[in-house]
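> For reference, the structure I am asking about is given below.
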Amino acid sequence: MSTAKSSSVKPSEEIENVVIRLAGDSGDGMQLTGNQFTAVSALAGNDLATLPDFPAEIRAPAGTMAGVSAFQVHISSEDISHPGDKADVLVAMNPAALRSELSKVHSDATLIINTDEFGERELEKAGYDSNPLDDDSLEGYYVIDVPMTSLTVTAVKELGAKRRDAERSKNFFALGLLCWMYSRNPDDVKDWIDERFASDDLIRRSNVTAFDVGHAFGETTEQISITHVVESADHPPGTYRNVNGNTALAWGMIAATQLSGLQSFLGSYPITPASDILHELSKHPAAAFRTFQAEDEIAAVTSAIGASFAGDLAWTTTSGPGMALKGEAMGLAVSLELPLVIVNIQRGGPSTGLPTKTEQSDLFQAMYGRHGESPMPVIAARRPADCFECAIEAAQVALRYRTPVILLSDGYLGNSSEPWRIPDVDDLPDLSVEFATESNHENPDGSMDFWPYLRDEATLARPWAIPGTPGLEHRIGGIEKQDGTGDISYDAVNHQLMTDLRAEKIARIADDLPPPEYTGDLDAEVLLVGWGSTWGTIASAVERLRKEGILVAHLHLRYINPLPKEVGEILRSHRSVIVPELNMGQLSRMLRAEFLVDAQPLNKVAGLPFTVGEIEAAVRKAVHGDDGGSK
Amino acid sequence: MTTTETTTTAVDIPTTKRADWQSDQEVRWCPGCGDYSILSAMQFALPEMGIRREDTVVVGGIGCAARFPYYMNTYGIHGIHGRAPAIATGVALANPDLSVFVVGGDGDLLSIGGNHLLHALRRNINMTILLVNNRIYGLTKGQYSPTSEQGKVTKSSPRGSEDSPLLPLSIALGADATFVARTHDMDRQHMMEVFKRAHAHPGAAFVEVLQNCNVFNNHAYESITAKANREGMIIPLRQGEPIRFGPDDSLGVVLDPRHGAVVVNTADVSEDELLVHNEARDHPSVAFALSRLSPNMDEPTPMGVFRAVDRPVYGRNPVETEPPGRQLISDLLHSGTTWEVD
Ligand SMILES: Cc1ncc(C[n+]2csc(CCOP(=O)(O)OP(=O)(O)O)c2C)c(N)n1
Ligand code: SF4
Ligand SMILES: [Mg+2]
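Listed in order, the protein sequences are those of chains A and B.
Positions 15 to 645 (the working numbering) are the ones given, in order, by the first sequence.
Positions 455 to 796 (the working numbering) are the ones given, in order, by the second sequence.
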């Protein structure tokens with residue numbers, strides 16, 4: 015058995031960036047392999063962005079197109095913020111993976127193919143009439159034939175593993191080969207394998223062996239004559255880690271808890287792609303965070319409302335279908351004017367839709383998906399690490415204004431990862447709140463009462479008096495309340511007043527907002543307006559276009575309700591406004607309605623993020639009246 | 455009787471009267487509604503529960519009965535239809551020192567909120583749930599409810615309802631509720647005793663309160679609860695005693711392997727054949743058999759505590775109450791693999 019050496023005898027070439035796509039069966043461990051390649055690339059100092067792309071079924075029939083699970087990673091020595099339009103390298107573990115992923119790679123991409131799986135049966139399951147390795151269908155690609163399964167099995171069987179078990183290590187062969195090709199440090203991977211598989215020595219050794227064999231294959235094969243080096247990116251100094259959006263969001267929730275000095279309560283019901291937040295929060299008992307797995311999303315949000323009434327910082331996390339179930343309770347939260355953060359990790363809809371794919375199609379639901387006049391702040395995260403800050407900000411708004419807040423993320427942000435410079439905790443805001451402790455209303459006879467709807471003059475927030483506080487006992491409910499006293503009131507004039515006050519309270523949040531992120535050529539004719547996870551792709555498109563000398567500006571909206579005050583003026587100062595969204599045109603309609611500007615939608619609902627090329631093409635078209643010949 | 459909450463043993467609980475528990479809000483039930491007597495029984499019982507007003511939270515869903523919180527001089531939430539047990543779960547978990555009451559109707563807690571009721575009970579969350587059963591939708595003006603008898607003619611069932619009714623106590627026992635009792639709006643003393651027992655029970659306590667809606671379902675329980683009928687129609691459950699009732703205790707309850715609990719003439723059976731009531735039986739099957747007596751509420755009906763057993767109360771596992779602060783955030787963010795860029 016050969017052992018991997020960290021230096022190679024073959025020449026190496028420096029490249030700025032590369033997009034690698036790994037694809038195999040759902041059971042082949044592609045997500046694990048992709049994440050691990052990402053982790054070692056991060057340790058090598060690269061900037062990176064990932065795009066996990068997996069089916070909703072846990073294990074669709076092996077070898078079929080339906081079961082293909084893919085993972086794309088873009089690594090670079092430059093600052094990047096998108097996972098790459100098309101891949102430069104595809105690792106295909108079987109024919110189905112090759113067939114389903116070929117359209118997602120460049121026409122001259124390198125294909126690393128596990129030839130052992132290209133038997134007649136496998137080809138047939140993938141829907142191939144003839145073997146693409148034998149005909150000319152892969153012309154133009156650089157194909158590297160690798161008998162991954164057999165090489166892995168031969169080596170691993172020596173350790174005493176059964177054939178079936180030995181086969182399962184083949185993803186580590188692929189990882190070893192990639193690490194050799196891109197000069198990643200093998201010890202970083204092996205340390206991780208040792209830790210991850212510590213409980214089963216045979217599996218641990220099998221994986222290390224498969225990794226070594228893959229690495230050695232790269233060194234010896236004549237099919238690859240050169241290794242590549244992606245230099246570390248020029249990141250500002252600091253301590254870094256890799257993080258995905260859902261973990262960052264969970265940590266932001268824990269951070270907000272600590273910063274507020276409160277206990278937190280999460281009511282949640284499992285749903286893809288939001289469950290990982292529940293999992294992550296359930297791990298940290300010392301974090302003053304109680305997680306409650308409710309019987310459904312209605313109980314999840316209503317238990318959170320109850321906890322908020324009792325003085326907890328309350329959260330509920332879900333995805334679109336769960337948001338629909340929470341609708342009535344959100345109306346209650348608006349009426350009760352209690353702090354609450356509602357997190358929606360959006361996925362493809364309607365109905366069960368595309369549970370594991372990304373979409374931004376719940377914006378209208380967040381804005382208007384409740385009965386009655388029930389305005390709520392809506393905040394959207396723009397990149398994985400940003401989910402940390404957004405969670406803190408959402409809590410800050412909820413606590414300061416005593417209101418439910420919707421925080422939007424999506425399946426792409428939730429699952430994809432990037433290097434993150436760990437913030438200095440001393441820079442995080444103080445979220446401490448003061449509960450009411452005393453009566454606040456003096457009656458004509460000099461006696462004092464507690465009025466739960468007597469508002470703060472500046473923020474219009476009402477006092478938060480929690481059970482256990484003597485003298486402040488009060489009853490609140492969803493029936494319209496009299497201004498001030500909070501008593502039941504069916505009075506028409508009062509209802510108008512309360513409706514106005516609830517709207518005004520949310521509108522006033524705009525007074526405290528920083529100006530929106532507005533970059534690029536501010537005097538350009540064309541303005542791109544985005545929100546949420548399209549930020550990275552739009553920013554990359556803007557950068558590329560400007561390098562070419564095409565003028566374009568970029569407005570990113572973190573707060574969608576209320577909109578920052580500058581938005582109207584910015585929109586009006588550009589001749590052409592393009593709004594790329596992963597929906598059928600929701601923000602664009604809002605902007606048209608609100609500002610009477612000709613905001614042009616650029617829409618996609620394909621379960622995947624935009625490519626940079628798609629955004630570029632739209633801008634070229636606006637500039638030249640055509641797509642400017644872009645590919 | 456099971457051990458009481460620590461709050462009830464504290465010495466510095468101020469003495470209160472019924473009036474201290476009455477809010478300043480005008481009560482808006484129909485004149486003659488059974489809800490009035492349930493409210494006053496509760497307000498009479500509360501001073502005897504050894505708790506403070508500020509530590510008490512009453513949660514209602516939507517319905518006539520669910521208006522309860524507005525009339526109580528405590529903390530209170532009038533929530534949304536059916537969700538009171540879930541709202542109360544959040545309150546109880548956020549602050550385990552509170553006394554939490556849930557009040558709702560048969561529609562509120564068994565129809566739209568049936569799911570939440572089941573889960574609050576099986577989790578054994580510390581709260582007292584009053585299901586005020588008038589066998590009708592009162593607030594929406596008289597449609598049949600999940601406890602209405604089959605064939606009931608209402609606005610939404612002019613040819614008689616097709617649905618089979620649910621028996622609230624059977625449902626609660628099916629969810630393995632640790633405290634299950636029944637009382638009725640015509641007997642304040644009985645209500646007070648049951649409410650006090652329910653409140654003292656650690657965990658979820660479920661009480662069905664038979665209530666007369668004199669507007670939309672008048673006389674629903676008259677054959678049982680009217681003073682003149684009680685002797686022969688109410689089966690009082692007394693811990694440790696053979697179950698007997700009726701004139702001169704001429705009637706009793708025995709367990710029959712084929713028919714569950716059945717009412718017999720005591721003259722026809724020997725003394726030791728009578729079922730001895732034991733609310734602490736771990737297995738809920740005997741209590742369940744008792745809950746099936748009088749399924750249409752027109753036969754002798756057991757009243758009192760069916761079941762009271764000890765089981766761990768949900769949410770008493772410690773969550774750190776003092777947030778350790780910024781250091782915790784820093785440790786969390788630096789956990790796992792990190793690297794330095796200088
Ligand atoms: C989501 C929702 N659906 C329906 C209603 C209308 N509604 C209010 S109370 C009620 C039923 C009340 O019956 P019950 O719970 O038995 O209470 P009662 O009035 O009899 O005390 C209904 C259907 C509502 N308020 N909310
Ligand atoms: S409708 Fe029936 S239950 Fe409702 S208040 Fe009137 S009498 Fe009571
Ligand atoms: Mg009813």
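C-beta atoms are modelled at their ideal positions from N, C-alpha and C, and glycine is treated no differently.
Identify each residue in the stretch 70-96 of chain A for which the Cβ-Cβ distance to at least one residue of chain B is less than 7 Å, and report them in chain order.
none
> Checking 8 Å against the spacing of the C-beta atoms, do Asp444/A and His455/A come in under that value?
It is not a contact, given that the beta carbons lie outside the stated cut-off.
> Within 8 Å (strictly less), CB to CB, does Asp630/B reach chain A?
no
> Relative to ligand 3, is the shortest distance from any of its heavy atoms to the C-beta of Asp560/B smaller than 7 Å?
yes
> Which of helix, strand or coil does DSSP assign to Glu753/B?
coil
> Would Leu786/B count as contacting chain A if we go by Cβ distances under 8 Å?
yes
> Does DSSP classify Ile625/B as helix, strand or coil?
helix
> Would you say Asp474/B lies against chain A (beta-carbon separation less than 8 Å)?
no
> Can we count Gly592/B as close to ligand 2, meaning its CB is less than 7 Å from some heavy atom?
The answer is yes for Gly592/B.
> Return helix, strand or coil for Cys401/A, following the three-state DSSP convention.
Of the three classes helix, strand and coil, the one that applies to Cys401/A here is helix, per DSSP.
> Take Gln374/A as the anchor and find which of Ala212/A, Ser453/A, Ser602/A and Ile240/A has the nearest alpha-carbon.
Ser602/A
> Nearest-angstrom Cα distance between Val795/B and Glu557/A?
25 Å
> Bridge partners of Tyr591/B, per DSSP?
Looking at the DSSP assignment, Tyr591/B forms a beta bridge with Gln597/B.
> Could you tell me which residues DSSP pairs with Phe303/A in its beta bridges?
For Phe303/A, which the question treats as bridged, DSSP gives the partners Ser278/A.
> Taking all protein chains shown into account, decide if Phe449/A is buried (16 or more other Cβ within 10 angstroms of its Cβ) or exposed.
exposed
> Taking Cβ to Cβ, would you say Ala247/A is nearer than 8 Å to Asp93/A?
Result yes, Cβ atoms of Ala247/A and Asp93/A sit closer than 8 Å.
> Thinking just about the alpha-carbon of each residue, which of Arg521/B, Val634/B, Cys518/B and Ala519/B is nearest to the one in Met581/B?
Per the Cα distances, Val634/B.
> Does chain A have any CB closer than 8 Å to the CB of Tyr490/B?
no
> Determine the chain A residues that contact Glu508/B at a beta-carbon separation under 8 Å, and present them in chain order.
Under the 8 Å cutoff, chain A gives Pro481, Gly482, Thr483, Pro484, Gly485, Leu486 and Glu487.
> Would you kindly report the start and end of the unbroken alpha helix (DSSP H) that includes Trp329/A?
It is not in any alpha helix (DSSP H) - Trp329/A instead sits in the beta strand (DSSP E) that spans Leu327 to Thr332.
> Going by beta carbon distance, what residues of the same chain come within less than 7 Å of Thr463/B, once the five residues before and after it are set aside?
Low per-residue confidence applies at Thr463/B: pLDDT is 48, beneath 50, and the placement is therefore not dependable enough to give any value.
> May I ask you to verify whether the stretch 466-473 of chain A touches the stretch 308-327 of chain A, counting CB pairs closer than 8 Å and requiring at least 3?
no
> What are the start and end residues of each continuous beta strand (DSSP E) run of 3 or more residues lying completely inside the stretch 499-543 of chain A, in chain order?
531-534
> Beta strand (DSSP E) containing Phe378/A: first to last residue?
Unbroken run through Phe378/A is the alpha helix (DSSP H), Leu377 to Tyr382; no beta strand (DSSP E).
> Counting only the same chain and skipping the five closest in sequence on each side, list residues whose C-beta sits under 8 Å from that of Lys595/B.
Around Lys595/B: Lys609 and Phe670.
> Beta carbon of Cys401/A: closer than 7 Å to some heavy atom of ligand 1?
no
> Starting from Tyr283/A, trace the alpha helix (DSSP H) both ways and give me its first and last residue.
No alpha helix (DSSP H) holds Tyr283/A; DSSP gives it neither H nor E.
> Any heavy atom of ligand 2 within a distance shorter than 7 Å of the CB on Val481/B?
no
> Look at Arg522/A and Thr473/A and say whether their C-beta atoms are less than 8 Å apart.
yes
> Put Phe555/B into one of helix, strand or coil per three-state DSSP.
strand
> Cβ of Ala632/A within 8 Å of Cβ of Ile592/A?
yes
> How many whole angstroms separate the CB atoms of Ser282/A and Thr332/A, which I take to be in contact at a CB cut-off of 8 Å?
7 Å
> Going by the C-beta, is Asn587/B closer than 7 Å to any heavy atom of ligand 2?
Every heavy atom of ligand 2 is 7 Å or more from the Cβ of Asn587/B, so no.
> So Val543/A packs on Leu605/A, CB below 8 Å; how close in whole Å?
7 Å
> So is Met195/A buried or exposed if we call it buried at 16+ other beta carbons inside 10 Å?
buried
> Between Pro530/A and Thr499/A, what straight-line distance do the alpha-carbon atoms span, to the nearest angstrom?
38 Å
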